[in-house]
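**Q** In this note's numbering, the protein residues as written are 31 to 121.
#1: DSSP three-state label for residue 7, please.
#2: Please classify residue 73: does DSSP put it in a helix, a strand, or coil?
#3: Return yes when the C-beta of residue 77 is under 8 Å from any heavy atom of the ligand GTP, and no when it is not.
#4: Taking all protein chains shown into account, decide if residue 63 is buried (16 or more other Cβ within 10 angstroms of its Cβ) or exposed.
#5: When you compare each of 105, 54, 106 to residue 72 by their alpha carbons, which one comes out closest?
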C-alpha cells in the first residue's frame with residue numbers, strides 16, 4: 031500500500047476570505063457595523079474605500095465650516111461691524 035504524500039505545490043495556499051466591511055476600523059461596540067441603507071457589500075473593497083474617503087473628506091469640510099461659523103461671530107472686518115453673523119441672522 032503506497033501512502034499519498036502531498037507536496038507544497040499540490041496543496042497550494044488557502045483562499046483568502048472575501049472583503050468584509052464589518053471587520054474594518056470603525057466598527058466598534060456598542061453599534062458595531064452600521065450600514066442601514068446597504069451601501070456596502072461583502073467583497074466590494076474598492077467601493078467601500080471610495081465611500082470611506084468621501085466620508086472623511088466631507089467630515090473635514092464640515093469641521094472647517096463650523097470653525098468658520100464660530101469665527102464669524104468673533105472676527106469682524108471694520109467695514110462690516112454692523113452685519114449680523116451666522117448665528118445673529120437666525121433671530
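All C-beta atoms in this analysis are idealised placements derived from N, C-alpha and C, irrespective of residue type, glycine included.
**A** The answer reads as follows:
#1: Lying before the first or after the last residue shown, residue 7 is absent from the chain, which here runs from 31 to 121.
#2: coil
#3: The ligand GTP is not part of the structure shown, which contains no ligands of any sort.
#4: exposed
#5: 54
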